[in-house]
Structures are given as C-alpha cells and as structure tokens.
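Residue numbers for the sequence shown follow my numbering, beginning at -8 and rising by one. Backbone N, C-alpha and C fix where the C-beta goes; we use that ideal spot for every residue, glycine too. Quick caveat: nothing in here was measured; it's all calculated off a predicted structure. Have a look at the structure below before the remarks.
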Amino acid sequence: MTGDSAGPTLPKNFLRPCLLLLLREQQAHGYELLERLRAFGFEGSDPGGLYRSLRKLEDEGLVRSAWEHSSTGPARRIYEITRAGMEELHRRAKGLAEARVTLDTFLGRYEEFVALRRAEAPTPAPSRA
C-alpha cells in the first residue's frame, strides 16, 4: 500500500489508525470494515490482511471482539475499540497531523519550483504559415 506506484501513496501502517478510527465511530465486523476502508484509499484490500491486522490490534489490547450470532446467517466476529485503542488513535492522529505539516511544506516548495520552471520555459516561436 506504499511505494512508487502511480496511485496515492499511503503512509506506512496507515491501516492501523484507520481501523481504530472506524471502530471509534462504531463497532463493526470485518467485511463492513473492509467496505468502509475504501474512503481512506484502501481499494480492493486483502481480507486476509485486514483480519491479520485486527487480530494484531486485539493481541495488543487496542480492540476487542465477540461473536455475534444471527438467526439468518453465520456468526460474525464484531470488533470494538478499547480505551487503550482510543489512546493509540489519538497518538496516531497527532503523528499524522505533524506529517501533514511536513508534506504541505514539501508540496508548497515543489509547486513554487514548477511555477518557476514554467516561467523560465522559452515561448514557442510563432508558426510561419
């Protein structure tokens, strides 16, 4: 999800704060989280990777889960954020805000460079018809 692809490059480990934020908004099962992650640029995410991340967050005490039984379908594991998960979400959001300042500085300087290059570019000579 990071790298030199043509699409947007997401910060390393961006899935973690996204999952914590989504679970802060409301408890959810894995498939629902997979759908809601699209808003953060996780198009076509790997369900296996999502469940591994949720399991790791649970092992770290940042989320907890319980089985929800249904009369219309199979039981589903429902995830919710813990107090420790809320604290981690706040830490991650602060770090992302700090990264945004750095990215804004970079992009501002890049845009100045591009504008300067355009101003220095020679004007094409009029065509002779």
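Item: Separation of residue 25 from residue 38, as counted between CA atoms; Value: 7 angstroms
Item: Simplified DSSP assignment, three categories, for residue 81; Value: helix
Item: Residue 21 and residue 68 closer than 8 angstroms at C-beta; Value: yes
Item: CA-to-CA distance, residue 44 to residue 18, given in whole angstroms; Value: 16 angstroms
Item: Residue 48 and residue 12 closer than 8 angstroms at C-beta; Value: no
Item: Proximity below 8 angstroms, CB of residue 8 to CB of residue 80; Value: yes
Item: Where residue -7 sits in the DSSP three-state scheme; Value: Residue placement at residue -7 is poorly supported in this model, since its pLDDT is 44, which falls under 50; the coordinates still yield a value, given next. Correct three-state label for residue -7: coil.
Item: Residue 5 versus residue 78: straight-line alpha-carbon distance, rounded; Value: 16 angstroms
Item: Proximity test, residue 81 beta-carbon vs the ligand ZN heavy atom, cut-off 7 angstroms; Value: Ligands displayed in this structure: none; no statement on the ligand ZN is therefore possible.
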